[in-house]
Amino acid sequence: MALHWIYPSLLTVLSFIPNHALRNYPDNEVTLLDSMSALGDLGWEAYPAEGWEEISVMDERNTPMRTYQVCNVMEANQNNWLRTSHIPRDGAQRVYIEIKFTLRDCNSLPGVPGTCKETFNMYYYESNNANLWFIKESQYAKIDTIAADESFTQVDVGDRVMKLNTEVRDISNLSKKGFYLAFQDVGACIALVSVRVFYKKCPLTVLNLARFPDTVTGGDSALVEVRGSCVNDSEEFEAPRMYCSADGGWLVPIGRCVCKAGFGEHEGHCQPCRPGFYKASALDAYCVKCPLHSHAPLERAPECACEKGFYRAELDPRSMACTRPPSAPESPISTINETSVTLEWSPPRESGGRGDITYSVHCRKCSEDGRKCGPCGSGPHFIPRQFGLSLPKVHVTDLLPHTNYTFSIEAVNGVSDLSPSPRQIVSVNITTSQTVSVILKERKSKDSITLAWQGPERASGAVVEYEVIYYEKNQRDQNYTVLKTRSNVMTVDGLKPGTTYVFRVRARTDGGYGNYGGEIELETSHEDMLAIGDPNQSTILAVSIAGGIVLLVLLVACFVVSGRHCGYIKAKQDPDEEKMQFQHGRVNLPGSRMYIHPHTYEDPNQAIRDFAKEIDVSSIRIERVIGAGEFGEVCSGRLKLPSKREIYVAIKSLKAGYSEQQRRDFLSEASIMGQFDHPNIIRLEGVVTRCKPVMIITEYMENGSLDTFLKKHDGQFTIIQLVGMLRGIAAGMSYLSEMNYIHRDLAARNILVNSNLVCKVSDFGLSRVLEDDPEAAYTTRGGKIPIRWTAPEAIAYRKFTSASDVWSYGIVMWEVISYGERPYWEMSNQDVIKAIDEGYRLPAPMDCPVVLHQLMLDCWEKGRSERPKFGQIVATLDKLIRNPNSLRQLANSSIWEDPPTPEPSVSTVEDWLDSIKMGQYKEHFCGAGYVTLDSVLYVTVSDLGRMGVSLAGHQKKILSSIQILQTQQGTHVQV
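This is the structure:
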């Protein structure tokens, strides 16, 4: 029975369906069958024939639509089947069936028996055969029973209200070439508006420079792991992988590709570096401009070639400027002492742009007439060594007497062997000194002896003075005296009557000390000696004994007060003579005195006169202001002293209106600095005290303080250069330690750097005193010393020693390797004290060699006695410089592993930056609009540069942390 009065109502409903809306499908869906797109008959199989009927209707745009409908509701026991044609699955394991249909409400059909249904069934059958003409009902697998959410009535149609149902079902674990769909009607009034079969895929995407292809989703909601392929001109850093989820979304990016050397990353692809730019390693994110004295004329340069005359050593990073060999050392000075000579010189004027300068000394000896010269051979002994000297000084012993020597000194650096040009040298000619002739005459009395001698016949320069050493015969090891005079005649008095003395004489010329002459024994006369057995002399003898006892008591008191033996031999000398006392074979030489604190002087001005040279203000020319100190301005300028070349200097001036105490405090630093003489200690040139303003003049350090210098040149030095800087600081501190001076404020801010990258210790203010308040930091004239540089025993017990300076040196090492990063970051002083007490120590900075971090940890031993001495630190650094391979192993071997891992619980940009110790950039990110964690996931190097994060080390740390955030974000999406 054809219910024509029902079908028109179905067709009317279909006429209100907007066909174009039905065809807007997502990009991650691939359609296998779409009945709406058929241009002609669908040709599906319907059985029995009077069941499902294919009809054609027009949509609202007058486009024909092919649909199937059935409405045999007036007859009971309906079993009408509709089977599609074969649908190839196209490799999909899971497909979706979307059906759109209308269904008539049984209650709206008058006279319809109770067998009317409002549901229908959907089945499928897998098959490799695309031409099956018959399938048994029992062979179909049921997908589901479909019911309408909305059914319509005749009244609805009249009101032109559309009731279109959409249902989606899926089939999983398909394995054959294709399948058939079937729809079973058991007595309903239905119109199938459209049937669409599709599967989902993860669409092609490019992430982290890796291309992930279109990927069909897995069956049973399983994730499909996909290996990405690097985009053009890139290579794998870590195998790129992602997971394709069941709903067609990409999850959990792992690994990444990086642009090859010579290519920089730009907006997700790699582009060649422009001429004049390069990229040396695939690990670098972007192309950078060629360093100084190098060029790259073509695109995609992996490195920049050095200009003519400039070179790059094998171990130099490609980012380092090309350098050249240094010029010759300057201002050589020789000091001859018998058959040894001390050679000193100034560093070369041109370092070649490097800080790894060492010196080598070549020796030649010539005959007396200078006609025959040749190598010195193995005879002379060089201390500490002949080649590879790190300091501009060497001591040469075991020279032949009466011999002419020529010492050629050359400076070399890491590229000297690469230059074909001959080495530049400076030469020193010396002649080993002659011996003073034997004593020519002598005159004796009971308590004095007058000597005369003849000077050396062929002295190496004019005789400056003579040195006479004498002692009682057979008592040299107990007590001997040295006298000096400019004359070749001397009267030595204060001697014992009837006693034999041994005398030796040597000359000092412009070239140094000569050899001592032979020993001469002379005896004082016996006149006026007391005979102990003479009764007439008993009273005199008693008085003498009593006087001797008094003298003995005075000598003992002298020993106790001075802490050293007092000499008892006296001699009359000329006004220009000096006298030095030797006891038990030890001498207190002028160059070996210990540090004397200015506060030990009753008159502080006397300390200034003793240790600082007064400079005439007319010799100083101030050029510009370079800073400000506690007491006034700091300027740079020039100093020209008579008979000396003009030099650059730094000038500290005392501001007007000062008190006498401020003047003393200001000049006390000069009193301290003037006692030191070392290439790694800031040199005092002199003071101006006789006019206003009062000034302190020191050598000029072109590169300023070490911490500021490192921050400005972040990442620009080789590890050998950094170790060289640390070695200089340690050498200076070793010298201060030997002088018994405790610095108490050693930090990178108090190290100055000159144009040759030589580091010098500075800031020799007054002694620091701990305030009564246990929470206070140490204070100086210049303010408080941060706790983070101070040893724990100095904080807790005020125990300042050279060992506490070693602790501070470890912090300086950390500052240098981290390029001026603040120790302990944003931790408060109290947190630092607590953390150190609990055993916490600073971790290795980025790209820090293991051996250097271990040396830091040694400096931070809790027990003072367990820390190394500065001399040991110098020796350790010297070994590292001689063996650069020992610096290859890094404490953090990968830049991606370096930053602290953000806590999974962080939810804001501020918390994230705090967790990786980059909290100082909170305002930078906020000002650039990065206010959520999602927004920072794709921040690039150029983005960081635009927002003001300019330090390369900080950029690496932030970008590496973003990599971790991306992984964590992907894991969160998966969950």
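When the letters of the sequence shown are read in order and numbered with mature numbering (1 follows the signal peptide of the UniProt record, and there is no 0), they come out as residues -21 to -1, 1 to 954.
Just so you know, even glycine gets a beta-carbon here, dropped at the ideal spot from N, CA and C.
Straight-line gap, residue i to residue j (C-alpha atoms, nearest Å)
i: Glu32; j: Ser886; result: 59 Å
i: Ala823; j: Gly694; result: 16 Å
i: Gln934; j: Arg402; result: 41 Å
i: Ile548; j: Arg364; result: Summary for Ile548: the model assigns pLDDT 30, below 50, so the residue's position carries little reliability, and this model does not support an answer.
i: Ala390; j: Glu845; result: 38 Å
i: Tyr909; j: Arg925; result: 13 Å
i: Tyr26; j: Arg148; result: 24 Å
i: Leu501; j: Thr460; result: 15 Å
i: Ala607; j: Ala814; result: 35 Å
i: Met44; j: Thr94; result: 31 Å
i: Trp112; j: Pro5; result: 34 Å
i: Ala870; j: Val795; result: 16 Å
i: Asp69; j: Val176; result: 12 Å
i: Leu821; j: Phe849; result: 20 Å
i: Gln118; j: Ala109; result: 16 Å
i: Phe779; j: His722; result: 9 Å
i: Ala591; j: Gly799; result: 33 Å
i: residue 980; j: Ser310; result: For the chain, the structure presents residues -21 to 954; residue 980 sits outside this window and is missing.
i: Ile676; j: Ile312; result: 24 Å
i: Lys121; j: Phe162; result: 10 Å
i: Lys691; j: Ile730; result: 15 Å
i: Tyr679; j: Glu215; result: 50 Å
i: Glu681; j: Tyr627; result: 9 Å
i: Pro182; j: Asn7; result: 6 Å
i: Ser939; j: Ser650; result: 51 Å
i: Leu912; j: Val888; result: 6 Å
DSSP bridge partner residues for residue i (one or two, in chain order)
i: Ala161; result: Arg62, Tyr102
i: residue 957; result: Summary: the structure shown does not reach residue 957, with the chain confined to residues -21 through 954, and so no result is reported for it.
i: Gln250; result: Gly243
i: Glu337; result: Position check: residue 337 holds Thr in this sequence, whereas Glu was assumed. BP columns for Thr337 point to Val391.
i: Lys179; result: Glu8
i: Arg83; result: Phe131
i: Ala17; result: The partner list for Ala17 (beta bridge, DSSP) is empty, contrary to what the question assumes.
CB contact flag (residue i, residue j, <8 Å)
i: Asn467; j: Gly497; result: no
i: Thr503; j: Lys463; result: no
i: Cys269; j: Asp212; result: no
i: Val373; j: Val340; result: yes
i: Arg297; j: Phe242; result: no
i: residue 1006; j: Pro354; result: This structure does not reach residue 1006, given that the chain is present from -21 up to 954, and the question cannot be answered.
i: Trp793; j: Met835; result: yes
i: His360; j: Thr337; result: no
i: Phe191; j: Trp229; result: yes
i: Leu294; j: Pro863; result: yes
i: Cys301; j: Leu271; result: yes
Option in the options with minimal Cα separation from residue i
i: Arg303; options: Pro296, Thr314, Phe289; result: Phe289
i: Ile941; options: Val915, Lys156, Leu856; result: Val915
i: Val447; options: Lys739, Glu129, Ala486, Ala292; result: Ala486
i: Asp84; options: Arg68, Ala127, Leu61, Lys452; result: Ala127
i: Thr81; options: Pro583, Val174, Gly22; result: Val174
i: Tyr720; options: Ser783, Leu736, Leu856; result: Ser783
i: Val185; options: Thr385, Ile233, Arg40; result: Ile233
i: Gly842; options: Asp816, Pro828, Ile601; result: Asp816
i: Gly227; options: Glu246, Glu329, Thr196, Gln809; result: Thr196
i: Phe688; options: Leu277, Ala727, Leu831; result: Ala727
i: Glu54; options: Gly19, Cys168, Ser130; result: Cys168
i: Tyr580; options: Gly636, Arg643, Arg603; result: Arg643
i: Gln899; options: Ile937, Ile362, Leu912, Lys142; result: Ile937
i: Arg333; options: Glu840, Ser400, Ile699; result: Ile699
i: Pro658; options: Glu717, Val737, Lys425; result: Val737
Q: Take every Cβ of the stretch 281 to 295, pair it with every Cβ of the stretch 376 to 389, and state whether three or more of those distances are shorter than 8 Å.
A: no
**Q.** Segment contact flag, the stretch 79 to 90 with the stretch 100 to 113, C-beta cutoff 8 Å, min 3 pairs
**A.** no
Q) Does the stretch 701 to 717 touch the stretch 628 to 646, meaning 3 or more C-beta pairs lie closer than 8 Å? A) no
**Q.** Contact the stretch 200 to 207 vs the stretch 249 to 264: 3+ CB pairs below 8 Å
**A.** no
**Q.** At least three beta-carbon pairs within less than 8 Å, the stretch 50 to 68 to the stretch 156 to 169
**A.** yes
Q) Taking three-plus beta-carbon pairs below 8 Å as touching, is the stretch 579 to 599 in contact with the stretch 617 to 628? A) yes
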